[in-house]
Each structure stands twice: as structure tokens, then as C-alpha cells.
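K.L.:
For the first sequence, my numbering assigns the number 27 to the initial residue and increments by one for each residue that follows. No residue lacks a Cβ here, since even glycine has one placed at the ideal position from N, Cα and C. Dumping the structure here so I can ask a few things about it.
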Amino acid sequence: MPELPEVETVKNYLSPLIKGKEFNAIDVLNDKLRVKVPKNLVNHVTNSNIEKITRRAKYLLIYLKNDQVLIIHLGMTGKIFVEKKLKNEKHDHVIFCLNNGDFMRYNDVRKFGLVTCLNKNKLANSKFFSHLGIEPLSDDFTGKYLKEICKNSNTEIKKFIMEQKKLVGVGNIYASEALFSSKIHPETPSRSLSLNEANSLVKNIKSILIQAIAKGGSTIKDYRLVNGESGYFQHEFKVYGRENNPCKICATPIKKIVQAGRSTFYCIKCQKK
DNA sequence: AAGGTTACCTGCCCGC
DNA sequence: TGCGGGCAGGTAACCT
């Protein structure tokens, strides 16, 4: 599920449902997530007003009045539901009881996500956030910036934009999509990116993420309201998941390769090295 | 130090 | 029908 647009969508979904309320109780059904759910989560996070919900990279941050921040990452398969009546499902790991009687439920099949908390003053230097790069939708993310951070790297550009070190939020789907829209070959060494290519890639990363956020809202809602239909958006993808299907520009069959253990899709004709 | 590989975990889909 | 292999939107710990 979750790349940056989905996390942003979950944030928008959660905010009106939990902001201004409190968690009265927390039931940790299973603490063995990517990072173990801390024993003191209950003490730190209950009975304090929920002030705001933000997103940093692919993390959700729920700020409480007592200066604690509830940190949630969805990994590959994490989901959050807020509901009036507790619905028990397989792979539920943490249940938060709200003071209006609602329940917020964290469910994660593969347990690659995490639910933890930290004092807000310790966030920036924590292991979760200290190494993260800039937000792709911020004004700081420009072609000039991308060119600068690429200039000493031999790493293939697709892998480079997915590392969260200099730039965050770009996942496996949108990396392929943005490179296709920019006509850049995914194996291009980062250092050989021209300024024009960097400008184009930045423009396309931003526009694809923004479009996905715009559509993600309704799709996630469908996902929740209907019945766990997977693969929303697939019809929007120009290359992702389209191996051997015709390129939407030139009809050449889309090629699939593996980079850093992840599938990459591209057009051999439109995206020259 | 950078770059590549593997592990974490469960479910699903495909081919035999 | 059953089983094994491969793959899945993320991240970090290992190797070299």
C-alpha cells in the first residue's frame, strides 16, 4: 500500500477522526513489528490531547499535548482503521481506544511497519529521522538540488531516488513512473544526469506524487468501504507492472529489470541511457 | 565508503 | 488438489 501519497492520504483520513481527542487505552496484541512496540507506549500516549497529525517521509506522526509523539510506519502492508465498533481481523497488532468510544486499529500482514513513541524533542536525532533527506514536495527540492546531490554518485538513478538519504518519499512504483515521464533510463549513473534531466525528473516526481495524493483519497476510501480490493491506480501506471505490454508512447514492449532487489519497469526506446 | 545482497513476514499466484 | 518457488508498494543490517 504505502508510498508517500498513501501515507499522506491516511493522514488526511485520520486527522478529522482523532484530532482533539485522547487515547484512553491501548491494547498491544502483538509487539513484534519491525521495531518492537515499547512497553511504555501506553503510559506515554494515553490520556493526553491529540494536537496534530503530520507526515515525514513515509512516517505518520501523531503529536500529543504531553510532548510525546506517536510514530507509525505502515511498512508494506500496514493499514489503519478508525471505527465505531471494534472489528477484529487477522493481523491486528495494536488497538487504540479513543475517548469518544471509537477504536483506531493498526493491522499489518507482513509486520514490516512500526508503532512507537518518542518525546518530540528527540525526533530529529532519532534513528527514524536523523538520516532522512528533504521532502520531494518542498520548495527545496529543485533540479539544481537534485543535480548537486547526484554529482558524486555512481549509483543508478532509480536506486538513488529511492534511497531516503537525500530525498524521501519516492517508492518503487513512482520511481519507475517518474523516470519514464522524464525519459531517463533507470540505470543511468546519477553523476551523469544533466541539469535538464534533473529539472525534468524533479518536475515529474512532484506532479506524479501530487496526482496520486489527489486520487489516493478516494481510492483508499473505496478500499476501506468496499472490500480490500488491491492494486488501485493500476490503470494509471504507464510502466509499473506492465512488462511486455506496449509502451503508451511508442508501443515498444515495456521491459522489466531488477535493481537493488526491486523490480524496475521502463521503455527501452523512450528511455535512453 | 559506496554498492550490492539478504533478511524481516505473510499471502497469493503460477507452474508442475 | 497440492506443493514449491517467486514475488509484493519498505527498511536496515550485513557483506564486499
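Assign residue 215 to one of three DSSP states: helix, strand, or coil.
P.N.:
One-based indexing of the first sequence puts residue 215 at position 189. Of the three classes helix, strand and coil, the one that applies to residue 215 here is strand, per DSSP.
K.L.:
Count the other CB atoms within 10 Å of the CB of residue 214; is the residue buried (16 or more) or exposed (fewer)?
P.N.:
Reading the first sequence from its first residue, position 188 is the one you call residue 214. Buried: at least 16 other Cβ atoms inside 10 Å.
K.L.:
Nearest-angstrom Cα distance between residue 67 and residue 299?
P.N.:
One-based indexing of the first sequence puts residue 67 at position 41. One-based indexing of the first sequence puts residue 299 at position 273. One C-alpha to the other measures close to 49 Å.
K.L.:
Where does residue 204 land, buried or exposed, given buried means 16+ other C-beta within 10 angstroms?
P.N.:
Here the question's residue 204 lines up with position 178 in the first sequence. By the neighbour-count rule (16 or more Cβ atoms within 10 Å), residue 204 is buried.
K.L.:
Using a Cβ-Cβ cutoff of less than 7 Å, which residues in the same chain neighbour residue 33 once the five nearest sequence positions on both sides are dropped?
P.N.:
Working through the first sequence from its first residue, we reach residue 33 at position 7. Closer than 7 Å at Cβ, skipping near neighbours: 81, 84, 86 and 100.
K.L.:
Which partner residues of residue 89 appear in the DSSP bridge assignment?
P.N.:
Residue numbering aside, residue 89 sits at position 63 when the first sequence is read from its first letter. According to DSSP, residue 89 bridges with 78 and 95.
K.L.:
Work out the CA separation of residue 44 and residue 91 for me, nearest whole Å.
P.N.:
Counting from 1 along the first sequence, the entry for residue 91 is found at position 65. Counting from 1 along the first sequence, the entry for residue 44 is found at position 18. Taking the straight line joining both Cα atoms gives about 13 Å.
K.L.:
If you draw a straight line from the C-alpha of residue 282 to the C-alpha of residue 202, how long is it?
P.N.:
Taking the first residue of the first sequence as 1, we reach residue 282 at position 256. Taking the first residue of the first sequence as 1, we reach residue 202 at position 176. When rounded, the distance between both Cα atoms is 10 Å.
K.L.:
In the DSSP assignment, find the beta strand (DSSP E) that holds residue 54 and state where it starts and stops.
P.N.:
Mapped onto the first sequence, residue 54 falls at position 28. Looking at the DSSP string, the run of the beta strand (DSSP E) that includes residue 54 is 49-54.
K.L.:
On the DSSP letters alone, give me the boundaries of the beta strand (DSSP E) that residue 284 sits inside.
P.N.:
Here residue 284 refers to the residue found at position 258 of the first sequence. Note, residue 284: beta strand (DSSP E), 281-285.
K.L.:
In or out: residue 46 buried (at least 16 other Cβ within 10 Å) or exposed?
P.N.:
Taking the first residue of the first sequence as 1, we reach residue 46 at position 20. So residue 46 counts as exposed.
K.L.:
Three-state secondary structure (DSSP) at residue 124?
P.N.:
Along the first sequence, read from residue 1 onward, the residue named residue 124 stands at position 98. DSSP places residue 124 in strand when its eight states are reduced to three.
K.L.:
Buried or exposed for residue 35, please, with buried defined as at least 16 other CB atoms from any protein chain shown within 10 angstroms of its CB.
P.N.:
Within the first sequence, residue 35 is the residue found at index 9, counting from 1. Buried: at least 16 other Cβ atoms inside 10 Å.
K.L.:
Is residue 292 helix, strand or coil by DSSP?
P.N.:
Mapped onto the first sequence, residue 292 falls at position 266. Here residue 292 sits in strand by DSSP.
K.L.:
Report the partner residues of residue 142 according to the DSSP bridge assignment.
P.N.:
Taking the first sequence and counting its residues from 1, one reaches residue 142 at position 116. 97.
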